Every structure is written in C-alpha cells, then in structure tokens.
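Visitor: In this note's numbering, the protein residues as written are 336 to 757.
Virtual Cβ for every residue (Gly too), placed ideally from N, Cα, C.
Because the structure is a prediction, the values reported are computed rather than measured.
Right, I'll just put the structure down here and ask away after.
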C-alpha cells in the first residue's frame with residue numbers, strides 16, 4: 336500500500352485512514368529546559384511527524400510501555416539525552432521517549448522487506464546499524480558499537496502518535512493480547528530472559544535458587560515467571576506485605592521483606608562497629624534464604640538491577656561458583672564489592688543489557704503461547720505519561736508492568752479504536 340501525506344492533525348486516540356500520514360502529530364516531549372521531576376518534565380506538544388529513511392518503518396502507536404530509562408531522560412541524568420544526540424549531529428532539541436510499543440505499521444521506507452503497512456507489531460527496544468561490521472561478521476548485536484536503546488538513546492520513541500523504528504525491531508503482535516498488554520512486556524521480559532538464560536554456564540536449571548530483587552516490579556515479575564518456566568525456585572525481595580502477596584501469587588518460592596533489614600548501601604570500613612552490624616545483618620539476610628528453601632543452599636543466580644544499595648548483599652549471599660547478573664542501577668552506580676568473596680568463592684559478577692533477536696523473539700513466542708504473562712499492572716492515559724514515570728521513580732507504581740494508551744481506546748480494554756478494533 337502506498338502512503339499518503341495529509342496536513343490534518345488527528346487527536347490522540349483517533350487514526351487517519353490506514354497508510355495516511357499526517358504532517359504533524361501529538362507527542363509527550365521532554366526538553367532540556369524542563370529536566371527534573373518526571374511529572375513536570377513531560378509535556379504534550381505538536382511536532383512534525385518524522386520522515387522514514389531506508390530500512391525503517393513508521394508505526395502508529397496503539398500503546399506504549401513505561402520503563403525506568405525515561406525517568407533518567409526526564410532528569411537529564413546520568414545522561415543529557417538531547418545534548419548527547421546534538422553532539423552526534425541530530426537537529427531535534429527535544430526527546431520523545433518510550434522504549435516499548437504495540438502498534439500498526441503505517442508507512443515503510445525503501446528497502447523494507449519483512450513487514451508491510453497494516454501489520455500489527457510489538458517493538459523491540461534494541462536498535463543498531465544493520466551495516467555494523469561486527470554484526471555483519473556474526474557478533475551478538477548487544478556487543479555492537481552501534482547499539483542504542485531505542486526511545487532512550489534514540490529519538491522518536493513510543494510516547495507519540497507515530498514512532499520511527501527499524502524494520503528488524505518489529506515482532507508480530509500476540510493476537511490474544513490487548514494493545515496495552517502487548518506494549519508492556521518486551522523490554523522487561525527480554526531483559527530478564529537474557530539475564531537468566533543468556534550467560535552460560537550460569538543459566539537457570541531445575542531446582543536452582545534464584546534471588547530476585549524488586550520482585551513486584553516489571554523486571555521482577557517477568558523474572559519470577561521465567562525462573563518458574565525454567566524450573567528454578569525464585570525468591571523475591573520486596574518492600575511491603577502487599578508486594579509479597581503479589582509475588583507469591585506469581586509463583587515465588589518465598590519472599591523477603593527488605594524493610595526488616597538496615598544494611599543497605601555502601602559497606603562500612605572493616606573493623607568498625609558499623610561494619611560488625613552490617614555483617615550481622617547480611618548474614619541474617621542469608622539465613623532467611625536458607626529458611627525459605629528449607630536447606631542451607633544459597634542462590635546460584637542473583638537477579639540484580641537496584642545496584643548501589645544491594646550489590647554488596649548480592650555478592651555476599653550468592654552461592655560459591657554462582658553469578659550476580661545486573662542490568663541496571665536504579666539505586667546508584669557507585670558500589671562496594673568485597674573482592675575476597677569473588678575470588679575465594681569463585682563468583683561471577685556479570686553485566687547484561689537487553690536481548691538479541693533470538694532472545695526477544697523467544698520471549699514473544701512464550702507470551703504468544705500463553706506460557707508467559709505480560710504482567711500488566713496499571714494502564715495510564717496519554718496525559719499521564721509524566722505521572723507514570725514519577726510513580727516509577729517513587730516506587731508508587733502498581734505491581735508488574737505499566738503501559739499508556741496512545742491510539743487505542745481505554746473504553747475497550749486497549750483494543751484499537753474505530754474500524755481497526757479487534
């Protein structure tokens with residue numbers, strides 16, 4: 336289908352005829368002069384709809400996922416995303432975030448072969464140059480120099496009526512899901528899948544204890560379910576009885592309430608009274624893991640993403656020969672690691688970043704086969720994008736993954752509006 340262009344501005348929730356691209360669109364925009372709290376950094380604006388270069392497609396966004404990376408975008412820290420792109424030659428003085436999306440292919444650029452206008456897709460947030468020499472020679476794209484987190488390091492993400500994505504980012508949408516459910520799970524699900532299943536020989540095996548920080552969040556929810564799928568025993572760390580109940584409902588073997596402990600953050604200087612108290616607390620934490628398992632066995636894999644507050648504990652309680660695998664640092668980047676526990680107990684501290692095509696297609700298949708739930712907790716309206724990220728920053732979000740409706744209708748549970756409703 337050939338695409339046409341119109342000067343008409345369509346309201347959020349309305350769609351032009353299939354293949355018709357408006358010259359301008361509504362978007363939830365961050366500008367450097369508004370960097371700060373997410374609730375005020377995001378603002379709805381009218382911007383030009385992006386042109387579609389070779390190998391890319393324009394997706395009419397039905398729903399978008401909420402992830403922590405655009406909390407960082409809103410704050411302008413640790414990276415000024417607009418400034419970073421400007422230094423690389425970009426001309427836009429704004430950022431349209433959003434690294435998860437479900438939608439409909441609305442226009443294709445030259446050279447696109449694997450998707451067509453009208454296809455219903457979910458979007459993978461891994462973006463790279465298809466001509467990257469490493470990738471052309473068979474390297475994992477997650478190690479490529481050109482790798483970017485779409486909707487964070489790149490512009491034209493999912494918090495707009497139309498998103499610009501590479502054709503290889505498009506994955507067929509599971510037909511059984513609503514638009515909101517389709518948009519919620521890819522970033523967290525595929526990230527968790529690679530952490531748990533991508534670092535041989537430290538992959539989840541039947542019976543393996545796996546400690547999962549932030550068990551009620553989007554990443555934690557997916558990690559609990561995937562660990563169960565792989566035959567492991569997930570132990571979730573939470574901060575309230577309500578979150579503990581949620582994790583047990585997902586199939587967690589047990590839960591630990593971190594508010595019952597006081598040893599978070601940097602490790603005190605050895606030999607001090609503070610260090611003795613810290614050691615007593617971390618040992619008590621480890622004993623609670625044994626009590627949950629009913630045996631003196633420590634986690635073979637520790638699923639990390641808080642970072643600063645929790646890494647010292649993770650390294651300590653990880654089993655001899657086990658792995659601490661981390662994909663983020665929401666509580667801080669500067670950490671203390673007692674290297675004695677790494678070398679003497681031969682533990683592995685492994686960084687992990689999103690997922691390659693084999694991994695994210697595997698997650699999509701698990702969801703499509705109803706073997707993995709998207710764990711959609713709360714769905715926001717388009718004007719609530721800033722508040723959604725504020726909730727995430729403050730830990731006030733609902734358990735599971737969150738999404739925002741863009742082109743889909745709230746009244747029909749996230750099904751597309753008008754003639755495209757399923």
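Would you call the stretch 566-576 and the stretch 590-601 touching, i.e. three or more CB-CB distances under 8 Å?
Guide: Enough Cβ pairs lie closer than 8 Å, so yes.
Visitor: Is it the case that the CB of residue 721 approaches a heavy atom of the ligand MG more closely than 7 Å?
Guide: Among the components of this structure there are no ligands whatsoever, and the ligand MG is therefore not found.
Visitor: Using CA coordinates, which residue listed in 351, 605, 347 and 403 is at the minimum distance from residue 379?
Guide: Position 44 of the chain shown, counted from the start, is the residue given in the question as residue 379. Comparing Cα positions, the closest option is 347.
Visitor: Based on the DSSP output, what are the partners of residue 575 in its beta bridges?
Guide: What you label residue 575 is simply residue 240 of the chain shown in a count that begins at 1. Per DSSP, none; premise fails for residue 575.
Visitor: Residue 561 and residue 525 - do their beta-carbons sit closer together than 8 Å?
Guide: Here the question's residue 525 lines up with position 190 in the chain shown. Here the question's residue 561 lines up with position 226 in the chain shown. Not a contact, by the Cβ cut-off of 8 Å.
Visitor: In chain order, what are the residue ranges of uninterrupted alpha helix (DSSP H) at least 4 long that sit wholly in the stretch 445-502?
Guide: DSSP runs (the alpha helix (DSSP H)) wholly in the stretch 445-502: 468-471.
Visitor: Of the residues 447, 657, 355 and 669, which one's Cα is nearest the Cα of residue 536?
Guide: The sequence position of residue 536 within the chain shown is 201, counting from 1. Answer by Cα proximity: 657.
Visitor: Are the stretch 395-405 and the stretch 512-522 touching by the rule of at least three beta carbon pairs closer than 8 Å?
Guide: Touching, yes, given that three or more Cβ pairs across the two stretches are closer than 8 Å.
Visitor: If I'm right that residue 533 touches residue 694 with Cβ under 8 Å, what's the distance once you round it to whole angstroms?
Guide: If you number the chain shown from 1, residue 533 lands on position 198. If you number the chain shown from 1, residue 694 lands on position 359. Confirmed, about 6 Å.
Visitor: Just how far apart, CA to CA, sit residue 361 and residue 382?
Guide: Reading the chain shown from its first residue, position 26 is the one you call residue 361. Reading the chain shown from its first residue, position 47 is the one you call residue 382. Their Cα atoms are separated by approximately 6 Å.
Visitor: Within the continuous beta strand (DSSP E) that includes residue 355, where are the two ends?
Guide: By one-based count along the chain shown, residue 355 stands at place 20. 355-357 is the span of the beta strand (DSSP E), which, as asked, contains residue 355.
Visitor: Evaluate residue 668 with the Cβ neighbour count: other Cβ atoms within 10 Å of its Cβ, from every protein chain shown; 16 or more gives buried, anything less gives exposed.
Guide: Stepping through the chain shown from its first residue, residue 668 is reached at position 333. Result: exposed.
Visitor: Taking Cβ positions, are residue 486 and residue 460 nearer each other than 8 Å?
Guide: Taking the first residue of the chain shown as 1, we reach residue 486 at position 151. Taking the first residue of the chain shown as 1, we reach residue 460 at position 125. It is a contact, given that the beta carbons lie within the stated cut-off.
Visitor: Near residue 709, which residues of its chain fall below 7 Å by C-beta distance, leaving aside the five closest residues on each side in sequence?
Guide: For this step, residue 709 is matched to residue 374 along the chain shown. The answer, listed in chain order, is 512, 516, 519, 520, 702 and 736.
Visitor: Determine, using beta carbons only, whether residue 357 and residue 384 come nearer to each other than 8 Å.
Guide: Position 22 of the chain shown, counted from the first residue, corresponds to residue 357. Position 49 of the chain shown, counted from the first residue, corresponds to residue 384. Going by C-beta atoms, residue 357 is nearer than 8 Å to residue 384.
Visitor: For residue 530, count neighbouring C-beta atoms within 10 Å of its own C-beta (all shown protein chains included) and say buried if the count is 16 or more, exposed if not.
Guide: In the chain shown, residue 530 corresponds to position 195, counting from 1. It counts as buried.
Visitor: At the level of alpha carbons, what is the spacing between residue 377 and residue 720?
Guide: One-based indexing of the chain shown puts residue 377 at position 42. One-based indexing of the chain shown puts residue 720 at position 385. Cα-Cα distance, rounded: 7 Å.
Visitor: Buried or exposed for residue 726, going by 16 or more other Cβ atoms inside 10 Å?
Guide: Sequence index remark: in the chain shown, residue 726 carries index 391 (1-based). So residue 726 counts as buried.
Visitor: Whose CA, out of 514, 585, 434 and 540, lies closest to the CA of residue 455?
Guide: Reading the chain shown from its first residue, position 120 is the one you call residue 455. Residue 514 is the option with its Cα nearest to residue 455.
Visitor: Take residue 559 and list the residues in its own chain whose beta-carbon comes closer than 8 Å to its own, dropping the five residues that flank it on each side.
Guide: Working through the chain shown from its first residue, we reach residue 559 at position 224. Hits under 8 Å: 547, 550, 569, 571, 582, 585, 586 and 587.
Visitor: Give the DSSP-derived three-state secondary structure of residue 378 in the structure shown.
Guide: Counted from its first residue, the chain shown places residue 378 at position 43. Residue 378: strand per DSSP, three-state reduction.
Visitor: Just the Cα atoms here: how many angstroms apart are residue 749 and residue 714?
Guide: Residue numbering aside, residue 749 sits at position 414 when the chain shown is read from its first letter. Residue numbering aside, residue 714 sits at position 379 when the chain shown is read from its first letter. Note that residue 749 has pLDDT 49, beneath the 50 cutoff, so the model's placement of it is unreliable and the number below is only indicative. Spanning the two alpha carbons is a distance of roughly 9 Å.
Visitor: Taking the alpha carbon of residue 443 as the reference point, which residue from 430, 390 and 425 has its own alpha carbon closest?
Guide: Looking up residue 443 in the chain shown gives position 108. Closest option to residue 443, Cα to Cα, is 390.
Visitor: Determine the closest residue to residue 483 out of 689, 717, 473 and 539, with distance taken between C-alpha atoms.
Guide: The residue given as residue 483 occupies position 148 in the chain shown. Among 689, 717, 473 and 539, the Cα nearest to that of residue 483 is on 689.
Visitor: Can you tell me whether residue 714 is helix, strand or coil according to DSSP?
Guide: Indexing the chain shown from 1 puts residue 714 at position 379. Reduced to three states, the DSSP call for residue 714 is strand.
Visitor: Out of curiosity, what's the CA-to-CA distance linking residue 607 and residue 507?
Guide: If you number the chain shown from 1, residue 607 lands on position 272. If you number the chain shown from 1, residue 507 lands on position 172. If you take the alpha carbons of residue 607 and residue 507, they lie about 57 Å apart.
Visitor: Judging by CA-CA distance, which residue of 432, 417 and 343 is the nearest neighbour of residue 425?
Guide: Locating residue 425 in the chain shown gives position 90, where the first residue counts as 1. When each option's Cα is compared against that of residue 425, the closest is 417.
Visitor: Skipping 5 residues on each side, what residues in its chain have a beta carbon closer than 8 Å to that of residue 687?
Guide: Taking the first residue of the chain shown as 1, we reach residue 687 at position 352. Once the five neighbours on either side are set aside, the close Cβ partners of residue 687 are 526, 529, 530, 533, 534, 660, 661 and 662.
Visitor: Look up residue 664 in the DSSP assignment and say whether it is helix, strand or coil.
Guide: Residue mapping note: residue 664 aligns to position 329 of the chain shown, counting from 1. DSSP places residue 664 in coil when its eight states are reduced to three.
Visitor: Helix, strand or coil for residue 610? Go by DSSP, reduced to three states.
Guide: Counted from its first residue, the chain shown places residue 610 at position 275. In this structure, residue 610 counts as helix in the three-state DSSP scheme.
Visitor: Kindly list the residues whose CB is nearer than 6 Å to the CB of residue 411, restricted to its own chain and excluding five residues on each side of it in sequence; keep chain order.
Guide: In the chain shown, counting from the first residue as 1, residue 411 sits at position 76. So the qualifying residues of the chain are 370.
Visitor: Based on the DSSP secondary-structure assignment, which residues constitute the bridge partners of residue 635?
Guide: By one-based count along the chain shown, residue 635 stands at place 300. Bridge partners of residue 635: none, in fact.
Visitor: Excluding the 5 residues flanking residue 341 on each side, which residues of the same chain have their C-beta closer than 8 Å to its C-beta?
Guide: As a working mapping, residue 341 is identified with position 6 in the chain shown. Same-chain partners within the cutoff: 351, 355, 356, 357 and 358.
Visitor: At what residue ranges does the stretch 387-432 contain a whole run of the beta strand (DSSP E), taking only runs of 3 or more?
Guide: If we require 3 residues or more, the beta strand (DSSP E) runs fully inside the stretch 387-432 come out as 391-401.
Visitor: To the nearest angstrom, how far is the alpha carbon of residue 478 from that of residue 465?
Guide: The residue labelled residue 478 in the question sits at position 143 within the chain shown. The residue labelled residue 465 in the question sits at position 130 within the chain shown. Rounded to the nearest angstrom, the two C-alpha atoms are 13 Å apart.
Visitor: Any idea if residue 704 is buried or exposed, counting beta-carbon neighbours within 10 angstroms, 16 or more meaning buried?
Guide: Counting from 1 along the chain shown, the entry for residue 704 is found at position 369. The residue is exposed, with fewer than 16 neighbouring Cβ atoms inside 10 Å.
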